[in-house]
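Read through the structure below, which is laid out as structure tokens, and then see the notes.
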Amino acid sequence: MGLNDQLYNQIDSYLKRNKHASFNSLAKKSKVGASTIRRIHSKTLKGDPSPHTVLNLASALTNETNFNKLISMFDGELGDYLKEAFSLYSQTATTHAYKHELNEVLKDQMSYMAYKMAANRTGVSKFTLVEEFGNLGLARMQKLRDLGFVFEEEGIFHATEKNFSVDYKVASAHLPDLVKSYRPEELEKGRNIFYTLSETINEDGIKQIKDIQREAVEKIYAVLNSPYYEGDLHYFTLNLADTLTHSSKKVYQ
């Protein structure tokens, strides 16, 4: 059974279980366009939906927000599609939570950066927020607090979901701002590192690189979560690789 056929079955089953549900209500719940959902259900969608569309639909249809559980609960092409798209998450020992509402709010760049700091072990202080992002950063954090996504304790903001995830489209949109946080002029402090490599290789080579990066991510995650290395430095890493040419396979939002 193909990906779109599995999605059709999932949507059809959901609508039958929930008599008052509609394409529009499912669209609102999943943040996926009603027209896309209709095309899937009418079997008129040409090509595959994008990974974040499938992820959002899967979460809305199952009411599952735990990221690892969500991408591991489906068999067949649907399960393979999610695992392939989000393999770095699925193969690390994490309990990332994925929530549509938070995903929508974190489309805002400042909110994303502020929440990312609040999600760190020690949270983030008002002083640090203002120092890094000005009063706008503090305002965004206060809005996140009012929405219930963070809480404040003795002047320190903490994310309610420390292990959170956003869909790849939101994450990639914020990559430029994370890259701007890299400061080559501070290289002498010994805290940052930067390498960029490129070459023409085959699919087997790509698989090898992904396996190496996956192993590196697992080891980095273990360091970040080890009590031995607890501290107050807001540190980040980026693990990114792709082709410099575009794929010819078309996906739909």
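Counting in my numbering, the sequence shown runs from -15 upward without gaps. The C-beta atom is built at its ideal place from N, Cα and C for all residues, glycine as well.
Exercise. Pull up the DSSP beta-bridge partners for Ser109, would you.
Key: What you label residue 109 is simply residue 125 of the sequence shown in a count that begins at 1. Paired residue(s): Ile140.
Exercise. Quick one: using the 10 Å Cβ neighbour count with 16 as the cut-off for buried, is Gly107 buried or exposed?
Key: Position 123 of the sequence shown, counted from the first residue, corresponds to residue 107. Buried, by the Cβ-count rule.
Quiz item: Is the shortest distance between the beta-carbon of Tyr205 and the beta-carbons of chain D less than 9 Å?
Solution: Here chain D cannot be found, since the structure has a single protein chain.
Practice problem: Go ahead and pull the three-state DSSP assignment for Phe148. | Solution: By 1-based counting over the sequence shown, the position of residue 148 is 164. In the structure shown, Phe148 sits in a strand (DSSP, three-state: E or B).
Practice problem: Determine the extent of the alpha helix (DSSP H) in which Ser9 is found, giving its start and end residues. | Solution: The residue you call residue 9 lines up with position 25 of the sequence shown. From DSSP, the alpha helix (DSSP H) with Ser9 extends over 7 to 14.
Exercise. Would you give the residue range spanned by the alpha helix (DSSP H) that Lys53 belongs to?
Key: Walking along the sequence shown from the start, residue 53 turns up at place 69. Here the alpha helix (DSSP H) through Lys53 covers 51 to 54.
Exercise. Alpha carbon to alpha carbon, how far is Glu172 from Asn40? Give it in angstroms, no decimals.
Key: Looking up residue 40 in the sequence shown gives position 56. Looking up residue 172 in the sequence shown gives position 188. Roughly 43 Å separates the two Cα atoms.
Quiz item: Between which two residues does the alpha helix (DSSP H) carrying Lys100 extend?
Solution: For the purposes of this step, residue 100 is taken as the residue at position 116 of the sequence shown. Its alpha helix (DSSP H) spans residues 93 to 102.
Exercise. Would you mind stating whether Phe141 and Arg129 have Cβ atoms separated by less than 9 Å?
Key: One-based indexing of the sequence shown puts residue 141 at position 157. One-based indexing of the sequence shown puts residue 129 at position 145. Yes; because the gap between Cβ atoms is below 9 Å, this pair is in contact.
Quiz item: On the premise that Thr20 lies in contact with Thr37, defined as a C-beta separation below 8 Å, what is that separation, rounded to the nearest angstrom?
Solution: To locate residue 37, count along the sequence shown from 1; it is residue 53. To locate residue 20, count along the sequence shown from 1; it is residue 36. Yes, Thr37 and Thr20 are in contact; Cβ-Cβ is about 7 Å, under 8 Å.
Quiz item: Ala77 by DSSP, collapsed to three states: which one?
Solution: For the purposes of this step, residue 77 is taken as the residue at position 93 of the sequence shown. Unreliable positioning characterises Ala77 in this predicted model, as indicated by a pLDDT of 44, which lies under 50. A coordinate reading is not provided.
Practice problem: For Leu162, collect the residues of the same chain with a Cβ closer than 7 Å to its Cβ; drop the 5 residues on either side in sequence, then sort them by chain order. | Solution: Mapped onto the sequence shown, residue 162 falls at position 178. The answer, listed in chain order, is Phe220, Leu222.
Quiz prompt | Distance between Ala5 and Leu(-1) (C-alpha atoms, nearest Å) | solution = Here the question's residue -1 lines up with position 15 in the sequence shown. Here the question's residue 5 lines up with position 21 in the sequence shown. Spanning the two alpha carbons is a distance of roughly 6 Å.
Practice problem: May I ask you to list the residues that DSSP assigns as paired with Tyr82? | Solution: In the sequence shown, the residue the question calls residue 82 occupies position 98. Paired residues: Ser149.
Quiz prompt | Spatially closest choice to Asp32 from Leu10, Thr229, Lys203, Gln(-10), by CA coordinates | solution = Along the sequence shown, one-based indexing puts residue 32 at 48. Checking every option, the nearest Cα to that of Asp32 belongs to Gln(-10).
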